[in-house]
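Just below is one structure, and these are the notes that go with it.
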Amino acid sequence: MNLFIDIASWFFFSLGGLVLIVGALGMVRLPDFWSRIHAAGMIDTIGAEFMLVGMMLQSGLTLTTLKLLLIGLFIFIAGPTATHAIANAAWSAGEKPQGLARDDSARFAEGEKA
Amino acid sequence: MMIAVDLILFAFLILTAIAIARLRNLFAVAMLSGLFSLLAAGLFVALDAVDVAFTEAAVGGGVSTIFMLGALALMPREEKRPVHGALLPLVLCLVTGAALVYGTIDMPAFGSPDAPVQRHVGPEYLARALPETGVPNVVTAVLASYRGYDTLGETTVIFVAAISVLMILGISLGSGRQKGGE
Amino acid sequence: MTYLVAASAALFVAMLLVIIRAFAGPTLYDRILAVNSFGTLTVILIGMLGYLAERPDFLDIALLYALFNFVGTIAVLKFVRYRSLGRSAAGSGAEG
Amino acid sequence: MTAGTARTIALGAALFGFWLVLSGHFTPFLLLMGVVSSALCVWIVARMEPIDETAVPLGLRPSLLLYWLWLGGEIVKSNIAVARMILARRISLLPRFILVPTSQQSDMGRVIFANSITLTPGTVTVETGGKALLVHALAESFSTSLPDMDRRVTAIEGR
Chain A
9 MNLFIDIASW FFFSLGGLVL IVGALGMVRL PDFWSRIHAA GMIDTIGAEF MLVGMMLQSG
69 LTLTTLKLLL IGLFIFIAGP TATHAIANAA WSAGEKPQGL ARDDSARFAE GEKA
Chain B
8 MMIAVDLILF AFLILTAIAI ARLRNLFAVA MLSGLFSLLA AGLFVALDAV DVAFTEAAVG
68 GGVSTIFMLG ALALMPREEK RPVHGALLPL VLCLVTGAAL VYGTIDMPAF GSPDAPVQRH
128 VGPEYLARAL PETGVPNVVT AVLASYRGYD TLGETTVIFV AAISVLMILG ISLGSGRQKG
188 GE
Chain C
0 MTYLVAASAA LFVAMLLVII RAFAGPTLYD RILAVNSFGT LTVILIGMLG YLAERPDFLD
60 IALLYALFNF VGTIAVLKFV RYRSLGRSAA GSGAEG
Chain D
132 MTAGTARTIA LGAALFGFWL VLSGHFTPFL LLMGVVSSAL CVWIVARMEP IDETAVPLGL
192 RPSLLLYWLW LGGEIVKSNI AVARMILARR ISLLPRFILV PTSQQSDMGR VIFANSITLT
252 PGTVTVETGG KALLVHALAE SFSTSLPDMD RRVTAIEGR
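As given, the protein sequences belong to chains A, B, C and D, one line each in that order.
Just so we're aligned, residue 9 is where the first sequence starts under the numbering used here, counting upward by one.
Just so we're aligned, residue 8 is where the second sequence starts under the numbering used here, counting upward by one.
Just so we're aligned, residue 0 is where the third sequence starts under the numbering used here, counting upward by one.
Just so we're aligned, residue 132 is where the fourth sequence starts under the numbering used here, counting upward by one.
Next up, the structure:
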C-alpha cells in the first residue's frame with residue numbers, strides 16, 4: 009500500500025514538474041503576450057494542481073491534506089480570475105496581437121451596444 | 008539539501024537585484040521588486056524564519072508594490088540617467104558590505120545550540136509560554152502576551168503610517184485623472 | 000525523498016524561466032503575468048520546502064501567499080487600468 | 132428561515148471551518164476565540180454590503196462537482212495540446228479572437244463559464260458581456276468544445 013502511494017505521488021510529481029517546465033518554457037519561447045497567457049495557464053492548472061496532489065498523497069489523511077486541498081481550490085478559482093483580469097486589462101489598454109487568423113472583437117463591441 | 012535551496016534562491020535574488028539596478032522603466036522595476044520580495048520571503052521560509060516570511064509576503068510582496076505603483080502615478084515613467092559616475096557608490100557599497108560580512112564572522116554558527124540566544128532566556132520562555140498564556144504558538148505568545156502593549160503600539164504606528172500613505176496618494180490622485188495604460 | 004528533490008529542481012528551472020520573462024518584458028502585461036506565475040510557483044515551492052524540511056506547518060504560509068498573490072495581482076491591474084486604488088470601476092469607466 | 136439568514140449562517144460556518152483548518156487546536160478557549168473572530172468578520176461584511184447571492188452563492192446544484200470532473204478532463208486534454216505547440220521545433224500559431232455566445236441566466240453561471248474557458252489552456256476569456264464572451268484562442272481546435280461547455284454550465288445553474 010505504501011509503495012503504491014509512493015508510485016502514485018511520484019507520478020503526479022513528475023508529470024506536474026514536466027508541465028511546469030514546459031509552461032515556463034512557453035513563457036519564454038512563445039512570440040507575444042497573448043500566446044504567453046496560455047503557457048501561464050498551464051502552470052496555474054495542471055502544473056500547480058498535480059504538484060499539490062502529489063504532496064497530498066505524501067501526507068495522507070491529516071489536517072495538512074485539508075490545507076493543501078484549500079490551496080488547490082483557491083488556485084483553481086483565483087488563478088483563472090487573475091489570468092482573465094490580466095488579459096482584460098491588456099485588451100482594454102489597446103494591446104492587440106499581430107497576425108490574427110480571425111477577429112470577432114468588432115462584432116462583440118457591436119453586440120454589446122445593441 | 009536545504010543549503011542547495013538557500014543557494015539557488017539567493018542566486019535568483021542577486022539576479023533580480025542586478026536586473027532592478029539595470030532597468031530604467033520604473034513600472035518594470037516596481038514589478039520586479041515584488042518578485043524580489045517573493046524570493047526573499049521564500050528564503051526566509053527556507054531559513055526557518057516563518058513569522059518574518061509572513062511579514063515579508065504581506066508587506067513586501069503585497070502592500071509595498073502597490074504603494075510603489077501609487078507613487079509612480081505622480082512621477083515620470085522612466086528613471087533619469089544619473090549625473091555622476093557609479094564608481095563612488097560602488098566603492099561605498101563594497102566597503103559597507105565587507106564591514107558587515109566581517110562583523111558576522113564573530114557571530115555563532117547559524118542554528119548553533121551554544122549561541123547565547125538559545126541559552127539565555129529562550130528556554131525559559133519555551134518552557135513557560137504554554138502554561139502561562141495558554142497560546143500554543145510561542146512566537147504568538149511572546150508577541151501578543153508577554154509584550155502585548157509593545158505590539159499594540161507597533162501595530163498602531165503601522166496602521167497610522169498606512170492610513171497616511173493612502174491619504175497622500177488618494178488626495179493627489181483625486182484630480183480626475185482617468186484611465187491610462189501602457 | 001528523491002522525487003521531492005527532483006520536483007523541487009523542476010520548480011527551480013521553471014522559476015528561472017519565468018524570471019527571464021519578467022526581466023525581458025517587453026510589455027507591462029508580460030511582466031505582471033510573469034510575476035503572477037512566479038507567485039504560483041512560490042506557493043508550490045514553499046509547500047515543497049515544508050516536505051523537504053519535514054515541517055508541514057509551512058503550508059500556512061503557502062496558503063497566505065496564494066491569497067496575497069491573487070489580491071496583489073488584482074490590485075496592480077486595477078491600478079494600471081484606473082490609475083488609482085480608491086475608486087471603483089464604475090466611477091471611471093469611460094471606455095472600460 | 133429567509134434566504135438572507137441562511138446565507139449569513141453559511142458564511143459564518145465557512146469562515147469558522149477555514150479557521151479550524153488553519154488553527155488545528157481544539158481547546159475550548161481557542162474554539163471560542165475562533166467563533167468570536169468569525170462572527171466579527173460576518174458582522175463587518177454585513178456592514179460593508181448586504182450578504183447577497185454574489186457574496187454567498189447557495190443557488191448551485193451539487194452536480195457542480197461532476198462538472199468539475201469533466202472540466203478536469205478537458206484541462207488535461209488542452210494542456211497536452213498547448214504543450215505540443217510549445218515543444219514544436221517551429222512555433223506556428225493561428226491565434227484568433229472569437230465570439231462565444233452564452234446561454235446562462237445568472238451572473239454566477241456566466242462567471243463559471245468564463246472561468247472554465249480561462250482554466251483550459253489555449254482559450255482565455257478577454258471580455259465579458261451580457262450575451263456573449265470575447266475569447267482569445269491559440270488555434271481553431273481549442274474552441275470546438277466551447278458550445279458543449281456552455282450547455283453543461285447552464286445545466287448546473289440553480290435557477
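No residue lacks a Cβ here, since even glycine has one placed at the ideal position from N, Cα and C.
For clarity, every value in this text was computed on a predicted model and none was experimentally measured.
| query | result |
| --- | --- |
| Have a look at Trp42/A and His267/D and give me their C-alpha separation to the nearest angstrom. | 8 Å |
| Under the rule that 16 or more other beta-carbon atoms within 10 Å means buried, what is Gly135/D, buried or exposed? | exposed |
| Please report the distance separating the alpha-carbon of Met194/B from that of Ala286/D. | This structure does not reach residue 194/B, given that chain B is present from 8 up to 189, and the question cannot be answered. |
| Taking Cβ-Cβ distances below 8 Å as the criterion, which residues of the region 100 to 116 of chain B are in contact with chain C? | none |
| When Cβ atoms are compared, which residues of the region 127 to 149 of chain B fall closer than 7 Å to chain D? | Gly141, Pro143 |
| Let me know the alpha helix (DSSP H) ranges lying completely inside the region 77 to 137 of chain B, each 4 residues or longer, listed in chain order. | 94 to 112, 123 to 126 |
| Between His156/D and chain B, is any beta-carbon pair separated by less than 7 Å? | yes |
| Could you tell me whether any Cβ in chain C is nearer than 7 Å to the Cβ of Leu28/A? | yes |
| Between the region 224 to 244 of chain D and the region 103 to 117 of chain A, do three or more beta carbon pairs fall short of 8 Å? | yes |
| Can you list, in chain order, the residues of its chain whose CB lies under 7 Å from that of Thr158/B, leaving out five sequence neighbours each side? | Leu150, Ala151 |
| Report yes if the C-beta distance between Ala37/B and Ala48/B is below 7 Å; otherwise report no. | no |
| I need the DSSP call for Ile229/D, collapsed to helix, strand or coil. | strand |
| Do the region 38 to 56 of chain A and the region 88 to 100 of chain A meet, that is, are 3 or more Cβ pairs less than 8 Å apart? | yes |
| Mind checking the region 106 to 120 of chain A against chain C and listing, in chain order, the residues whose C-beta falls within less than 7 Å of any C-beta there? | none |
| What residue range does the beta strand (DSSP E) around Glu258/D cover? | 254 to 259 |
| Going by CA-CA distance only, name the one from Asp238/D, Phe160/D, Glu258/D, Leu264/D that's closest to Ala97/A. | Glu258/D |
| Do we get a CB-CB distance below 7 Å when we pair Arg86/C with the residues of chain A? | For Arg86/C, the pLDDT reaches just 47, beneath the cut-off of 50, and the residue's location in the model is therefore unreliable, leaving the point undetermined. |
| Rounded to a whole number of angstroms, what is the C-alpha to C-alpha distance between Thr293/D and Ile45/C? | Beyond the ends of chain D as shown, which are 132 and 290, falls residue 293/D; an answer cannot be given. |
| Tell me, to the nearest whole angstrom, how far the beta carbon of Val42/C is from that of Ile79/A; I am working on the premise that it is less than 8 Å. | 7 Å |
| Strictly below 7 Å CB to CB, what residues from chain D border Ile54/A? | Ile206, Val207, Asn210 |
| Is it buried or exposed for Glu131/B, if we count other Cβ within 10 angstroms and need 16 for buried? | exposed |
| Going along chain A, which residues have a C-beta under 7 Å from Leu269/D? | Ser43, His46 |
| Rounded to a whole number of angstroms, what is the C-alpha to C-alpha distance between Ser207/B and Phe12/A? | Outside the modelled stretch of chain B, which goes from 8 to 189, sits residue 207/B, for which no answer is possible. |
| Rounded to whole angstroms, how far is the Cβ of Ala122/B from the Cβ of Ala136/B, which I believe are closer than 8 Å? | Wrong, their Cβ atoms sit about 20 Å apart, outside the cutoff. |
| So His267/D is in the beta strand (DSSP E); what residue range does that whole segment cover? | 263 to 268 |
| Whose CA, out of Glu288/D, Ser247/D, Gly253/D, lies closest to the CA of Val200/D? | The sequence as given places Leu at residue 200/D; Val does not occur at that position. Nearest of Glu288/D, Ser247/D, Gly253/D to Leu200/D, Cα basis: Ser247/D. |
| To the nearest whole angstrom, what separates the beta carbons of Gly49/C and Leu58/C, a pair I think is in contact under 8 Å? | 6 Å |
| Hey, is the region 21 to 36 of chain B in contact with the region 251 to 265 of chain D, meaning 3+ C-beta pairs nearer than 8 Å? | no |
| Counting Cβ pairs, one atom from each stretch, are 3 or more of them under 8 Å apart for the region 69 to 85 of chain A and the region 144 to 164 of chain D? | yes |
| Is there a Cβ of chain B sitting closer than 7 Å to that of Leu151/D, yes or no? | no |
| Can you pull the chain C neighbours of Gly69/B, defined as C-beta to C-beta under 8 Å? | Phe67, Val70, Gly71, Ala74 |
| Where do the ends of the alpha helix (DSSP H) carrying Phe34/B lie? | 33 to 53 |
| The alpha helix (DSSP H) that contains His92/A, what's its start and end? | 71 to 100 |
| With a Cβ-Cβ cutoff of 7 Å, do Pro55/C and Thr73/A count as a contact? | no |
| Based on the DSSP output, what are the partners of Asp111/A in its beta bridges? | Phe228/D |
| Quick one: what's got a C-beta closer than 8 Å to Ala169/B's C-beta in the same chain, skipping five residues either side? | Val70 |
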